[in-house]
Each structure stands twice: as C-alpha cells, then as structure tokens.
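Asker: Going by numbering that gives the first Met the number 0, the first residue of the sequence shown is number 0, and it counts up by one from there. Encoded as structure tokens, here's the structure I'll be asking about.
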Amino acid sequence: MRLTKLFVVVFVALLIVIGAAAVVQLAGRAKTQPESTNSQDPIKISIASAVAAEPWVSAAAKEFGGKEYLVNEQKRQIAVEVFPIDGVTALAKWANGEFQTPPTAWVAESRDWVNQANAVASERTRQDIFLAGGQYRDQSVAMSPEIWAIFKSRGDVLERKFGRPVDWQVVYAAATSKGWAALGGENGWGRFKLVIPHPKRDPAGLAAIVSAAGAYYEKPAVSADELKDAKFLAWLKEMLNTVVDFQPYGVENMLLYGPSAGDAGQVLENYLLLNADSIEKRWQDGIRVFYPDPVAWYDFPFTIYMGKEKETSAAEKDAAVLFKQFLLAKDQQVATLRFGLRPASPDVSLNDPASLINKYANLGFKERVPSASKMRQASRSGLVQLGAWFVDNYER
C-alpha cells in the first residue's frame, strides 16, 4: 500500500515537472515567433506630415480609407492615421531615435530635411532609414515657395524709395532707417517691423534666415562657416531686432494684429494663401506679395521609413506606397490647389477654378513662379548653429 502511494506521489510530481517545462517552452516560442494577424484586419499605417501639408494629406487619407487594395496579392483595407509635426522637431526625433513608435512614412517640408535625417540617423543605425531609389524612394507630392508679404501701403512706399520690389536688401535698408517717415511713409507708422516665423518652431523661419544668407552672400547655397560669420550675423541681427514677436507661421500675427505686428515678412506661400481673405477683410490695408530670388521651395517629399520588421512590416511599407501613389494621382494633385499648395505633378494645370493662387492673383500671386535660383537648405550643422545663435540672442 505504501509503495502504491509512493508511486502516485512520484508520478504526480513528474507530471508537474513535465507540465512546467512545456509552459516554459511555449512561452519561449511565443517570444520568438511573430504574432499572427488576421488577414481581414485593415493594415494600419501612420503618416507624420509637415504642418503646412497636413490638412491636404488628412483629407486625402479620409478618401483613401474604407476601400480595399491589393497588398501582397491579398485584398486588404488600409487605415491611414495622419499627424502634424514640424520639420525641426521631426529631424531631431529621427536623428536621435526618439519616436516611440516610428511613423510608416514622413511628409517632410523639404527633401533636404530627409537627407539630413537619413545622414545623421544612419550613423546610429548603421543603415539608411530612407531610400533614394526604388519603389520606397522619397517623392515630392506637393510644392510651395517662400514669398515676401507686405502691407500694400508699406510696399508702395518702399518701391518708390528704392525703385524695386521688396527683397532682403530693401528690408535691411528699411530696418536700419530712422523710421517710416524717413522712408517717405507716415510718421505714425513708427519704425519698420519685420515678420519672420519662429526659427526653433517652424522650418519656414530657418528657411527665411538661410534665404537672407543667400542674399547676403549673393548665391543660392551657403556653408555652415558662412552662417556663423560674425559680419553676417551682425547684419542679420539688425533686421531680426525689429521683429515684434516671433511666432510659428509668422503670418498669424499679420492676420491678428495687422501692421502693428509687422510690416513685411518672408512666409510660406501656403500660409499666406490660406489667410489672405481674412487679412483683406480684417484690415483696410491690403497686402502685396513678391517672389524672391533665390527662392526657397518646400517640395514635401513622401518618404517611407525603412525600419526593422517589428517597427514597420513589409505590408505596411507597401500600403504606404499605395497611399503615396494616391496622393500623386490627378484628383489629389488638383486638390492641392484648394489647400493653398501647388501640385508636384507637371501634368496638372494651375489654372483651376478652385485654385487659391488664381483667386488672389490681384495680390501678386503667380501661377508660374518667376525664373529664379533655388535656395538650397543649409547643412544640419549650419542649422544647429543658427538655432543656438537664435536662442542665445532672443530666448535668454
């Protein structure tokens, strides 16, 4: 009887040991094998979009969703989440690997930002996170230039005084003058006031400063050494000292406060087009626009993140390609005109009834940007230097 009890105890103990080993083995498999997904579930992708392009990209995402697409020879629905992020913040996150969940794709302000993010991140990851060729390559999906905006009364005075449209040299002369009365304007206007987006919060601010450097050095590309040159920075500071309040997007202050917040500034055409009607209605003084030379272009490249499988699957990358193709289709390229952008496709006419460029042509907006050199963005080290200089001079 005792032997029988002993046998039962030993047998039960053996079963417990075997069961525990099986649980450990299954747990190990669960960790090493990818979690299975239902092929009927939508493929979810996320798009980090430049602030200026986000309303258009989000509207396109709504049209794109709810339909089936062929992905890896299977019909699947694709759910697209779009969130806005400025290029200054995005560049830092890509460079330092700070995205908790990296987006499937990034619609940056400029291809220069993509190249800089890739160059810095590849030093950390030992591989390119964005590709320059193949189906996953970055492609421009919309366009918008930086332009000069000035209240009409002020623009007329400056044109009479200097005999040419507003540019950085005219702005410098106005900024260093004794005031509007000395320029031929009204004494009540006070001193000249420049409008520029906040360089640490809006890439348009950095692009404007780089554009100023291009005018100062009279060339469309400037080096990091040229950007930290003491004479250039002293010249730049004389203009920036006239800025009443640095705000993202710049044009918002012109909309809210009129000439008291600023007389003229270099802002993204997209922002100005979206606010032109409000400025015209709110302030008796209209606005005029001029296209600079060299001109800084935002080309909004759609670039797909080439992360590890656990970060972004092959199906998600392919779904992002399909959404990129959707943005480049004629209907969505025409839709850019309703959002104050320009189509990336050369086959789409800018002469569309919904085009904001045509709607406000009387202010100086042009379908065809006058032939001008393209202002190239500075290197990341140059932009970092400018950012640090701005903080030292205007935020401490």
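Using N, Cα and C, we set each Cβ at its ideal position, and we do this for glycine too. Computed from a predicted model, the values in this text were never measured in an experiment.
I need the DSSP call for ALA104, collapsed to helix, strand or coil.
Answerer: strand
Asker: Quick test of the definition: if touching needs 3 or more C-beta pairs under 8 Å, does the segment 78-95 touch the segment 119-129?
Answerer: yes
Asker: Using only CA atoms, which one of GLU308, GLY213, VAL156, GLY162 lies nearest to TRP188?
Answerer: VAL156
Asker: Over the uninterrupted beta strand (DSSP E) stretch that includes GLY363, give me the two end residues.
Answerer: Looking at the DSSP string, GLY363 is not in any beta strand (DSSP E), and its letter there is neither H nor E.
Asker: Let me confirm a value: GLN332 is counted as buried when at least 16 other C-beta atoms fall within 10 Å, else exposed. Which label applies?
Answerer: buried
Asker: Distance check for GLU72 and VAL266, CA to CA, integer angstroms please.
Answerer: 45 Å
Asker: So for ALA20, helix, strand or coil by DSSP?
Answerer: Here the model assigns ALA20 a pLDDT of 42, short of 50, so the residue's position is not dependable, and the following value carries that caveat. ALA20: helix per DSSP, three-state reduction.
Asker: Label PRO198 either buried or exposed according to how many other C-beta atoms from any shown protein chain fall within 10 Å of its C-beta, with 16 as the threshold for buried.
Answerer: buried
Asker: Pull up the DSSP beta-bridge partners for GLY65, would you.
Answerer: By DSSP's assignment, GLY65 forms no beta bridge with any residue.
Asker: Closer than 6 Å by C-beta to GLY204: which residues in its own chain qualify, once you throw out the five before and the five after it? Chain order, please.
Answerer: ILE195, PRO196, HIS197, PRO198
Asker: Only counting the same chain, and skipping five residues up and downstream in sequence, which positions put a Cβ closer than 7 Å to that of PRO83?
Answerer: SER48, VAL50, GLU53
Asker: Given a cut-off of 9 Å, decide if LEU340 and SER143 are closer than it, judged by their beta-carbon atoms.
Answerer: yes
Asker: Does LEU349 come out as helix, strand or coil in the three-state DSSP assignment?
Answerer: coil
Asker: What separation, rounded to the nearest whole angstrom, lies between the Cα atoms of ALA313 and THR88?
Answerer: Rounded to the nearest whole angstrom, the CA to CA distance from ALA313 to THR88 is 27 Å.
Asker: Closest to GLU145 by C-alpha separation, out of TRP167, GLU158, PHE129, would be which residue?
Answerer: TRP167
Asker: Looking only at its chain, what residues have a beta carbon closer than 7 Å to the beta carbon of THR241, apart from the 5 residues adjacent to it on each side?
Answerer: ALA174, ARG190, PHE191, LYS192, LEU193
Asker: In the structure shown, what three-state DSSP assignment does ARG441 receive?
Answerer: Any answer about residue 441 is impossible in this case: the structure gives the chain only from 0 up to 395.
Asker: Tell me the rounded alpha-carbon separation between PHE129 and ALA360.
Answerer: 38 Å
Asker: For ASN350, is the classification buried or exposed, using 16 other Cβ atoms within 10 angstroms of its Cβ as the cut-off for buried?
Answerer: exposed
Asker: Entirely within the segment 248-286 and at least 4 residues each: give me those alpha helix (DSSP H) ranges in chain order.
Answerer: 250-256, 268-281
Asker: DSSP three-state label for MET238, please.
Answerer: helix
Asker: Would ASP224 be called buried (16 or more neighbouring beta carbons within 10 Å of its own) or exposed?
Answerer: exposed
Asker: Secondary structure at ALA220, three-state DSSP: helix, strand or coil?
Answerer: The answer is coil: DSSP assigns ALA220 none of H, G, I, E or B.
Asker: Nearest to THR124 by alpha carbon, out of ASP346, GLY306, LYS329?
Answerer: Closest by alpha carbon: GLY306.
Asker: Skipping 5 residues on each side, what residues in its chain have a beta carbon closer than 7 Å to that of LYS227?
Answerer: Cβ within range, chain order: GLN384.
Asker: Note down, in chain order, each residue of its chain lying with its Cβ closer than 6 Å to the Cβ of ALA26, except the 5 sequence neighbours on either side.
Answerer: Caution is warranted here: a pLDDT of 40 is assigned to ALA26, below 50, making its placement in the model unreliable, and the coordinate value is therefore given only provisionally. Here the set comprises nothing.
Asker: Following the continuous alpha helix (DSSP H) through ARG379, name the residue where it begins and the one where it ends.
Answerer: 379-393
Asker: Would you mind reading off the limits of the alpha helix (DSSP H) that contains GLN115?
Answerer: 110-124
Asker: Helix, strand or coil for ARG375, going by three-state DSSP, please let me know.
Answerer: In this structure, ARG375 counts as coil in the three-state DSSP scheme.
Asker: Does the Cβ-Cβ distance between PRO293 and PRO345 come in under 9 Å?
Answerer: no
Asker: Thinking GLN76 and PRO101 are a contact (beta carbons under 8 Å), I'd like their distance in whole angstroms, please.
Answerer: Between PRO101 and GLN76 the Cβ distance is about 22 Å, and since that is not below 8 Å, they are no contact.
Asker: Looking at the strands, I want to know which residues DSSP matches up with ALA173.
Answerer: Looking at the DSSP assignment, ALA173 forms no beta bridge with any residue, so it has no partner.
Asker: In three-state terms, what does DSSP make of VAL56?
Answerer: helix
Asker: Quick one: measure Cβ to Cβ for ALA59 and LEU326, integer angstroms, because I've assumed they're closer than 8 Å.
Answerer: 6 Å
Asker: Once the 5 residues before and after ASP127 are set aside, which same chain residues still bring their CB inside 7 Å of it?
Answerer: ASN117, SER121, MET305
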